[in-house]
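A.B. asks: Please find one structure pasted underneath; my questions will follow.
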Amino acid sequence: MQIQVLKSKIHRVSVTQADLNYIGSITIDPILMRASNLIEGEKVQIVNINNGERLETYVITGVEGSGDVCLNGPAARKVSVGDVVIIISYALLDFEEAKAFKPTIVFPDEKTNKLK
Numbered sequence: 001m002q003i004q005v006l007k008s009k010i011h012r013v014s015v016t017q018a019d020l021n022y023i024g025s026i027t028i029d030p031i032l033m034r035a036s037n038l039i040e041g042e043k044v045q046i047v048n049i050n051n052g053e054r055l056e057t058y059v060i061t062g063v064e065g066s067g068d069v070c071l072n073g074p075a076a077r078k079v080s081v082g083d084v085v086i087i088i089s090y091a092l093l094d095f096e097e098a099k100a101f102k103p104t105i106v107f108p109d110e111k112t113n114k115l116k
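Numbering (the working numbering), first residue to last: 1 to 116.
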């Protein structure tokens, strides 16, 4: 049996941009991506603390050191610049493997999106 478990989480970062005229996705600073064990193209769930919206999209690599967290395309309608979001990814693991698995969770400064 396999189950979905939390793989990665960026807990409470601020949206720096919302670009409706982009194809889609979330652009994330690669420093945050590496720290949270996310890769480009990975499916993520976005939870907006400010308005309760939840959505799914995929990751695009942003500019190194920028602190960027940009919701693109239709997702831009679900956030406002300055909103605080949680970015979550899940993994499908064998039940026994999942018992020992430890997710990667980072807690950046929510004003700057830089790692503490």
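We put the CB at the ideal spot given by N, CA and C, even for glycine.
Note that the structure is a prediction, hence the values are computed from the model and not measured.
Helix or strand or just coil, what does DSSP make of Lys99?
C.D. replies: Locating residue 99 in the sequence shown gives position 99, where the first residue counts as 1. Lys99 falls in the helix class under three-state DSSP.
A.B. asks: In the structure shown, what three-state DSSP assignment does Ile31 receive?
C.D. replies: Taking the first residue of the sequence shown as 1, we reach residue 31 at position 31. Helix at Ile31.
A.B. asks: Could you say which of Glu97, Leu6, Phe95 lies nearest to Ile86 if we only look at CA atoms?
C.D. replies: In the sequence shown, residue 86 corresponds to position 86, counting from 1. Among Glu97, Leu6, Phe95, the Cα nearest to that of Ile86 is on Leu6.
A.B. asks: Alpha carbon to alpha carbon, how far is Val84 from Gly73?
C.D. replies: The count along the sequence shown starts at 1 and reaches residue 84 at position 84. The count along the sequence shown starts at 1 and reaches residue 73 at position 73. Distance between the alpha carbons of Val84 and Gly73: 18 Å.
A.B. asks: Say whether the segment 57-72 touches the segment 16-26, bearing in mind that this needs 3 or more beta-carbon pairs closer than 8 Å, one atom from each stretch.
C.D. replies: yes
A.B. asks: Figure out for me which residue from Asn50, Val44, Gly65 has the closest Cα to the Cα of Glu56.
C.D. replies: Sequence index remark: in the sequence shown, residue 56 carries index 56 (1-based). Checking every option, the nearest Cα to that of Glu56 belongs to Val44.
A.B. asks: Indicate the three-state DSSP secondary structure (helix, strand or coil) for Lys111 in the structure shown.
C.D. replies: For the purposes of this step, residue 111 is taken as the residue at position 111 of the sequence shown. In the three-state DSSP reduction, Lys111 falls in the coil class, being neither helix nor strand.
A.B. asks: Between the alpha carbons of Lys114 and Phe95, how many angstroms are there, rounded?
C.D. replies: What you label residue 114 is simply residue 114 of the sequence shown in a count that begins at 1. What you label residue 95 is simply residue 95 of the sequence shown in a count that begins at 1. Between Lys114 and Phe95, the alpha-carbon positions lie close to 34 Å from each other.
A.B. asks: I believe Ser80 touches Glu42 by the beta-carbon criterion, under 8 Å. Please report the beta-carbon distance rounded to the nearest angstrom.
C.D. replies: For the purposes of this step, residue 80 is identified with residue 80 of the sequence shown, where counting begins at 1. For the purposes of this step, residue 42 is identified with residue 42 of the sequence shown, where counting begins at 1. Not confirmed; about 24 Å, so no contact.
A.B. asks: By the three-class DSSP mapping on this structure, what secondary structure does Lys78 have?
C.D. replies: Working through the sequence shown from its first residue, we reach residue 78 at position 78. Reduced to three states, the DSSP call for Lys78 is helix.
A.B. asks: Who are Asn72's beta bridge partners in DSSP?
C.D. replies: Sequence index remark: in the sequence shown, residue 72 carries index 72 (1-based). Asp19, Ser25, per the DSSP bridge assignment.
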